[in-house]
Amino acid sequence: MGQIIDGKALSAAIKEEVREQVLSLEKQYGRKPCLCVVIVGENPASQVYVRNKVKAAAFTGMESRLEALPEDTSEAALLELIAALNADPAVDGILVQLPLPKHIDEEKVIDAIALDKDVDGFHPGNVAGLWLGKDCIVPCTPAGILRLIDSTGLSLSGKQAVVVGRSNIVGKPVAKLLLDRNATVTLAHSRTADLGAVTRQADVLVVAVGRAGLITGDMVKPGAVLIDVGMNRSAEGKLCGDVDFASCEPVAGWITPVPGGVGPMTIAMLMVNTIRCFRK
Ligand code: GUN
629 MGQIIDGKAL SAAIKEEVRE QVLSLEKQYG RKPCLCVVIV GENPASQVYV
679 RNKVKAAAFT GMESRLEALP EDTSEAALLE LIAALNADPA VDGILVQLPL
729 PKHIDEEKVI DAIALDKDVD GFHPGNVAGL WLGKDCIVPC TPAGILRLID
779 STGLSLSGKQ AVVVGRSNIV GKPVAKLLLD RNATVTLAHS RTADLGAVTR
829 QADVLVVAVG RAGLITGDMV KPGAVLIDVG MNRSAEGKLC GDVDFASCEP
879 VAGWITPVPG GVGPMTIAML MVNTIRCFRK
């Protein structure tokens, strides 16, 4: 029977720590850290994520701003807003919720965010920093995943870690973080031949593909740590991960639930990153 890794509880503990840091930073510097969240359009999932980010900021006592722009906002107008936020000394962190409407070039927008306000860690300067082992802002979901693994007490050194999914937001950065902890890392993806043969080697398995139930119990090494980054809607509208919980939980040593695993940790790490940006 796998033990549940409670991301909700861990996230609450981290947000509590951040709340205390906000109080002491305000005493020390005379102002609170401020996160600005930008959303363009009305993607319903993005609206939920953004609402939760602003709510978390309010819980920690930091300042937050929400810039909700209409779907037909031009790329130039968005870049202008980012330039203004970059120049605003009251704003410490800028997050532009992805995906953006099709007429806007995401890469251009991410590149425009000031490196030291890039709370998402998506700017090429931060990506390079991560891969070169420099002190930089680490993307929230990968950072949260490492905290979840650490909460099991397991040492990653020398372990086989398999990451399924090669996105810039999760797969690639989490692979680097696992490598930094001296795990032997395999980065698998949609073209991997015999995925089960690869995942069965994993002492730690991180799945970030976006396909409900992709990983079944027969693909899991007994006792493995299973981190499910998936956020899918079943036909009945239920939120479910990429891991088939019913068949994997009896095999795994530890497993994150969906919801209540990685999702809350992403938000907690966003708060941590905002504090880092403030200190910078
Ligand atoms: N869309 C999905 N995940 C994320 C994230 O971590 N940050 C931003 N900005 N957009 C996202």
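Quick note on numbering: the working numbering labels position 120 of the sequence shown as 748, and the sequence is numbered without any gaps.
Cβ atoms here follow ideal geometry from the backbone N, Cα and C, with glycine treated the same way.
Where residue i falls, given that 16 or more other Cβ within 10 Å makes a residue buried
i	result
Lys745	buried
His751	buried
Val666	buried
Gln656	exposed
Met847	buried
Lys908	exposed
Ser639	buried
Glu644	exposed
Ala740	buried
Gln631	exposed
Glu877	buried
Same chain only: Cβ atoms within 6 Å of residue i, ignoring 5 sequence neighbours per side
i	result
Leu833	Val790, Thr827, Ala852 and Leu854
Val724	Val666 and Val737
Val792	Ala816, Val835 and Val837
Check: residue i C-beta below 8 Å from any heavy atom of the ligand GUN
i	result
Val766	no
Glu674	Note on residue identity: the sequence assigns Ser, not Glu, to residue 674. It does: the Cβ of Ser674 is within 8 Å (strictly closer) of some heavy atom of the ligand GUN.
Ile797	yes
Pro727	yes
Thr701	no
Thr902	no
Thr688	no
Asp870	no
Thr884	no
Phe873	no
Val826	no
Leu723	yes
Phe906	no
Tyr677	yes
Asp716	no
Asp748	yes
Thr844	no
Thr814	no
Thr820	no
Thr780	no
Contacting residues, own chain, Cβ-Cβ under 7 Å from residue i (five flanking each side not counted)
i	result
Thr894	Cys768, Thr769 and Gly772
Thr780	Ile633, Val853 and Trp882
Thr701	Val668
8 Å Cβ shell around residue i - same chain, five flanking residues per side excluded
i	result
Gly635	Gly772, Leu776, Thr884, Pro885, Gly888, Gly889, Val890, Gly891, Pro892 and Met893
Thr820	Val792 and Val826
Thr814	Gln788, Ala789, Val790, Val791, Val826, Gln829 and Ala830
Any beta strand (DSSP E) of 3 or more consecutive residues that is wholly inside the region 821-890:
Positions of the beta strand (DSSP E) runs, each at least 3 residues long and wholly inside the region 821-890, are given as 832-835 and 853-856 in order along the chain.
Which runs of the beta strand (DSSP E), 3 residues or longer, sit entirely within the region 753-818?
If we require 3 residues or more, the beta strand (DSSP E) runs fully inside the region 753-818 come out as 788-792 and 812-816.
Entirely enclosed beta strand (DSSP E) segments - the region 647-676, minimum 3 residues
DSSP runs (the beta strand (DSSP E)) wholly in the region 647-676: 662-668.
At 4 residues or longer, and completely inside the region 687-720: list those alpha helix (DSSP H) runs for me, N to C.
Runs of the alpha helix (DSSP H) inside the region 687-720: 703-715.
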